[in-house]
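Residue numbers (my numbering): 8 to 146. Think of the CB as a built atom: it goes at the ideal place given N, C-alpha and C, for glycine as much as any other residue.
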């Protein structure tokens, strides 16, 4: 069992949480468990399915395709072709914030592309961030 805030999440609660937080997985859960449309996911005897559900209902059908076909984000759009003034503002007001807390950086890495990826990699080397002394891993 793990806790999120004050709520305790059990292995049997994972399907409910999956569908609530990632609505695009609902049809996969309905199909696997032969549920009617909008029927609640099972909340008993699913703990043995946890590993298979994470890979088969979330990672392969939802997360991996999203990462492969990620659209350029707002930061990339405003950084592209930017003059020195705007690049400086983006660097100090957005990108440098990634260094303030490890989770920000780790959550952002999969979405970094092009010049923004290069700039963050340079920052990590320059500031000798532990674990990134050589910059980001190659794309």
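Item: Proximity of residue 97 and residue 86 at Cβ, strictly below 7 Å; Value: yes
Item: Where residue 15 sits in the DSSP three-state scheme; Value: strand
Item: Where residue 59 sits in the DSSP three-state scheme; Value: helix
Item: Continuous beta strand (DSSP E) assignments of at least 3 residues falling wholly in the stretch 77-140; Value: none
Item: Exposure label - residue 128; buried when at least 16 CB within 10 Å; Value: buried
Item: Alpha carbon of residue 88 to alpha carbon of residue 66, nearest angstrom; Value: 34 Å
Item: Buried or exposed (CB count within 10 angstroms, at least 16 for buried), residue 24; Value: exposed
Item: Reduced DSSP secondary structure (H/G/I, E/B, other) of residue 49; Value: coil
Item: Cβ shell of residue 35 (< 7 Å), same chain only, five flanking positions each side left out; Value: 64 and 68
Item: Secondary structure of residue 41, DSSP reduced to three states; Value: coil
Item: Buried or exposed by the 16-neighbour rule on C-beta atoms within 10 Å, applied to residue 20; Value: buried
Item: Rounded straight-line distance, which links the Cα of residue 102 to that of residue 38; Value: 41 Å
Item: Reduced DSSP secondary structure (H/G/I, E/B, other) of residue 143; Value: coil
Item: Sub-7 Å separation of residue 26 and residue 49 beta-carbons; Value: no
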